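Heads up: the structure comes next, in structure tokens.
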Amino acid sequence: MDGVPRGPEQRRPGSSTEPAALRFGVLGPVRAWRDDEPVATGSPQQRALLAALLLREGRTATAAELIDALWGEEPPSQALAAVRTYASRLRKVLDPGVLVSESGGYAVRGLGEGALDLAAAQELAAEAEKARNTGDLCHAREVLNRALSLWDGETLAGVPGPYAEAQRVRLEEWRLQLLESRLDMDLEQGCHAEAVSELTALTAAHPLRERLRELLMLALYRSGRQAEALAVYADTRRLLADELGVDPRPGLQDLQQRILQADPGLAEPSAPMAEPVAVPVRPAQLPATVPDFTGRASFVRELSEVLAAASGDEGRVMAVSALAGIGGVGKTTLAVHVAHAARSSFPDGQLYVDLQGAGSRSAEPETVLGSFLRALGTADSAIPDSLEERAALYRSVLDGRKVLVLLDNARDAAQVRPLLPGTAGCAALVTSRVRMVDLAGAHLIDLDVMSPEEALALFTKIVGEERVASEREAALDVVAACGFLPLAIRIAASRLAARRTWTVSVLAAKLADERRRLDELQAGDLAVKATFELGYGQLEPAQARAFRLLGLADGPDISLAAAAAVLDLPAEDTEDLLESLVDTSLLESAAPGRYRFHDLVRLYARACAERDEQPPGEREAAMSRLLDFYLATAVGVYATERPGDRLVDGLEPTEHPGLTFADGSAALDWLYTEASPLLSAVRQAAGTDRLRRGVDLLWAAKDLTESGANSHQYEMTARAMCEATHAAGDARAAGRARTVLTDVLLVSGRIQQAEEEARLAMELADSVRDAAAVSWVANNRGLICLHQHRYSAGKVLFDQAIEGFRATGNRAGEASALSNLSRAQLGMGNIAEAVEIARHGLAVYLEMGRTMRLANGHFAVGVALAKAGRHSEALGQFSEAVSIFADHRQRLWEGATNFRIAEVHLAAERPSHAAQHAEQALALGCIGGDRMRGNVLTLLGRALSALGQADRANACWREAVSLLEQNSAPEAGEVRALLTPVT
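See below:
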């Protein structure tokens, strides 16, 4: 590697290949170890002699050279004697033959492989450069990180002498080159968001290093922070002019112009490397094709020609083929078959998704794009939030690749458009029940039922030639009764194949009975329903009951445990029934222990439940058991995460038990995995006798919003329950629903809306004397006062909450209110009292163990100590808090704690550290939504200003003002005052 220092000779010719016991370090303090035990290396001058010899590449250093290295131009009178003394002492502690005398000088010889950290770093750097040159960026980054991790503080720390100083400068420059190379590769692989924090700290530490500034500008621009990127350039130009009297180098000036012009080339790496050969990112997501695919020859040929043209060298535009037809007509089967046949034409991979367009809740394009980007090798942290940004990144990732995308079961063209590749060489196959005439440029295919010949051929492949040949007419009757619909034929044939005692005539006779099927001549979904009717009619009573009742639940899928609750059966019996339904194709196995209906089959199952379930009350009983299961389990998760919180005592009782968990991690796994089915069960409780339990389930699952996971779905459910409880005239349930909605609004920083909901919640809770709700609402209203800087009013409300929690024995609630009360006291200027109250709250939390809420206690103490100017103690409390929040997956609280850490560092005049933690807070997000983001940007601007980066600071403040004004935050005026013209 050009410019990389060479290491010392590692072994003598003919020496053993076994590594020596001695190891040395120069990338930090000069140290030595023998079998991991430290070896004394003596005084600073003696360590300077050892360092000079280690860095001589195994060559002999004369006495004169060593004297010059240790003392320079003014050596002491006894310098030669001192050198000999140091050498003698080192020889005694090192292995024999390591430090040798030669030609009036000394040398270090015979070191084992990897015995010197510098040599190891050089080897790793060379390996990284080789990997980068071959396009293996992932390996190159990993190896460079290993090389950089060998540094342990300042190189040759504490070693005196001019030689050591020169080597320190040289090796530090090399370290920075390695770091810049790794950061450059980070950006090439799309890790710009993570790089911003590190680059912010590095540019503060090395303000005149233009390459670091250039990388920071690029990282900010690719993170959607164009104004800050340009501000970095302005800060750099002013700094170079003031300090050195020069302009930025041409490369930096060119980057500024490209940012100003929004150069599309900046969206991609400036010098993109080839994908790693050893481990290519090549998704292969196509479902398995059916082995008995039959017919459709003209459609297969037509689609194959379109795909071949799209992938060939003559391809000019991305090809889209949209297949339309009724449910069960074989759209997916045809599309998957054609896609598999075309795989060789799309060597960079195939993507697949079921868009669930025929259901009540189809897949959101932004969710699908996130899944596709991950499959294409994009890191989670590099995936943006908005649909537009994800779609743009998706098209950029696909540019230059040949990828086939299969979009199955689409709702409409609007759902499909963001998911289409944007460049030639790629192609998309779309299936839908609707004809997508508004999908511009699409090759449209209307898929009808099979011809009689094709239908009979499919039936024969499944049942067997021998059975069909002897009853050909009966077989024709069967496929005709199925309306030549592929799904209906497959179900009927599978039933017959599984029952060896049946003849084809028996099946034909069953289909001839109109009570067993609907008229195939009816249009639309009725043809599909006839097919399902055939399968349903063959079920045993227990299977049919399971089919009907499981179709009542709204969630996208259902776990085995939840299904057992619906059916009121042991898990083993439930699994047997569900697997038998999977065998009939009436149910799908989404994953081990999870099941789902095809959307049309679910509708049919519900129709069967309304028609067949006896007594009629069994439908309501099944849904009641499901809700009980979710509520009982969610209560267990809540109690695990918040021991001592008596909220669970005031929730509606359940008759059906829930799950228990070995630890908190397993409990959280369940909650986040079951989020969508759980919230669907809450919504289904609206307008029923289950309303109160639905609201209480929502309350018990509040971690779904505090963690930032499923926040939107949780809020929509909370609003739906507010409407439902109001319509039902149930004041208790309505008060709790509005309490939950208040929580959501506080987490997202919508304070004005939260204030109104909290007022209504308090009125409702007071009217029915709902003690649990009254205390929590008082706590929330106090928090709202803190946001509004109404600290005295907040104190009154927190005192009320504390009194209520103590009256009901809710220790966790008491601790929460005490922690919040300490912040009110801070606002009133009572700092000593605030610290005491916060410590009291922490003591209560400590009584309950290392739970998630203990982090809130440490957080509150940290805030109070920071206000008291006790910065070191505050950082200790925040460190405890951030660790616990991370363990419990509370991403928003983790971000909020980083913001507080940044505040402490800024107060302690450590702006570089403050900027780094503020960037982490921005990346994680914070409790408080956009309003809190405005506060974080304000703090980041202050830190950048202290670092002399005025333009970037102003960019942060401008964005902060916009966010704060949008949320009517009183801090907006204060931040606006920070904005000053930059000269």
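With positions in the sequence shown counted from 1, the corresponding number in the numbering used here is that position plus 403.
Every residue gets a Cβ at the ideal spot worked out from N, C-alpha and C, and that includes glycine.
Here the structure is a predicted model, which means the values were calculated and not measured.
Could you give the C-beta distance for residue i and residue j, rounded to a whole number, given that I count them as a contact under 8 Å?
i: K1270; j: A1237; result: 7 Å
i: S748; j: A711; result: 6 Å
i: L1382; j: W1360; result: 5 Å
i: A1317; j: H1274; result: About 11 Å; that fails the 8 Å criterion.
i: R450; j: V562; result: 5 Å
i: A778; j: P690; result: Going by Cβ atoms, the distance from A778 to P690 rounds to 14 Å, so no, they are not a contact pair.
i: D1354; j: A608; result: Their Cβ separation, rounded to whole angstroms, is 19 Å, which puts D1354 and A608 out of contact at 8 Å.
i: E1109; j: V1051; result: With 8 Å as the limit, E1109 and V1051 do not qualify as a contact, their Cβ atoms being about 17 Å apart.
i: T1120; j: V1085; result: 5 Å
i: H846; j: A722; result: 7 Å
i: G431; j: E557; result: 7 Å
i: S578; j: N548; result: For the sequence presented, residue 578 should be read as Arg rather than Ser. Their Cβ separation, rounded to whole angstroms, is 13 Å, which puts R578 and N548 out of contact at 8 Å.
For residue i, tell me which candidate among the options has the shortest Cα-Cα distance.
i: A634; options: G648, V649 and L658; result: L658
i: V693; options: A725, T735 and Q759; result: T735
i: W1179; options: D1202, A1196 and L953; result: D1202
i: G1212; options: L615, A1175 and L1200; result: A1175
i: A1164; options: T1142, V808 and A691; result: T1142
i: A738; options: T444, L807, A630 and R1122; result: L807
i: G844; options: A665, L832, E978 and P855; result: L832
i: G830; options: P889, G1090, A891 and S724; result: Checking the displayed sequence, the identity of residue 830 turns out to be Ala instead of Gly. The shortest Cα separation from A830 among P889, G1090, A891 and S724 belongs to S724.
i: G508; options: N536, A466 and N1357; result: A466
i: D1092; options: L1082, E1055 and G1185; result: E1055
i: L514; options: R437, E1283, A1012 and L1074; result: R437
i: A968; options: Y1033, A911 and A994; result: Y1033
i: Q1369; options: Q1155, L1229 and G1279; result: Q1155
i: L473; options: R462, L1347, L452 and A785; result: L452
i: V1247; options: N1233, V1264 and M1231; result: V1264
i: D957; options: D555, L1030 and I1234; result: L1030
i: D555; options: L540, E575, D587 and G538; result: E575
i: L1309; options: I1330, F1288, S1348 and A1284; result: S1348
Taking 9 Å as the threshold (C-beta atoms), are residue j and residue i in contact?
i: V511; j: L457; result: yes
i: A1267; j: A1241; result: yes
i: T688; j: G773; result: Just to set this straight, residue 688 is Gln in the shown sequence, not Thr. Going by C-beta atoms, Q688 is not nearer than 9 Å to G773.
i: V852; j: V732; result: yes
i: E1077; j: A965; result: yes
i: R426; j: L519; result: yes
i: A1372; j: R1345; result: no
i: S789; j: R814; result: no
i: G1138; j: L1167; result: yes
i: L758; j: S765; result: yes
i: R1022; j: L955; result: yes
i: G1061; j: T1036; result: yes
i: R1256; j: F1281; result: no
i: L623; j: E631; result: yes
i: A1356; j: L1366; result: no
i: K805; j: S714; result: yes
i: L970; j: L952; result: yes
Mind checking who residue i pairs with in its DSSP beta bridge?
i: E856; result: None, per the DSSP bridge assignment.
i: I369; result: The displayed coordinates of the chain run from 404 to 1386. Any statement about residue 369 would go beyond what the structure contains.
i: R997; result: S962 and A994
i: W436; result: R426 and P441
i: D811; result: D757
i: D849; result: A727
i: V1339; result: BP columns for V1339 are empty, so no partner.
i: A1042; result: According to DSSP, which records beta bridges pairwise, A1042 is partnered with nothing at all.
i: Y509; result: A464 and S504
i: T834; result: L726
i: L519; result: F427
i: A560; result: P432
i: A687; result: Q753
At what residue ranges does the stretch 447–506 contain a whole run of the alpha helix (DSSP H), taking only runs of 4 or more?
List check, alpha helix (DSSP H) in window: 447–457, 466–474 and 482–496.
Counting only runs that start and end within the stretch 589–672, where is the alpha helix (DSSP H) found for 4 or more residues in a row?
595–608, 613–625, 629–646 and 653–663
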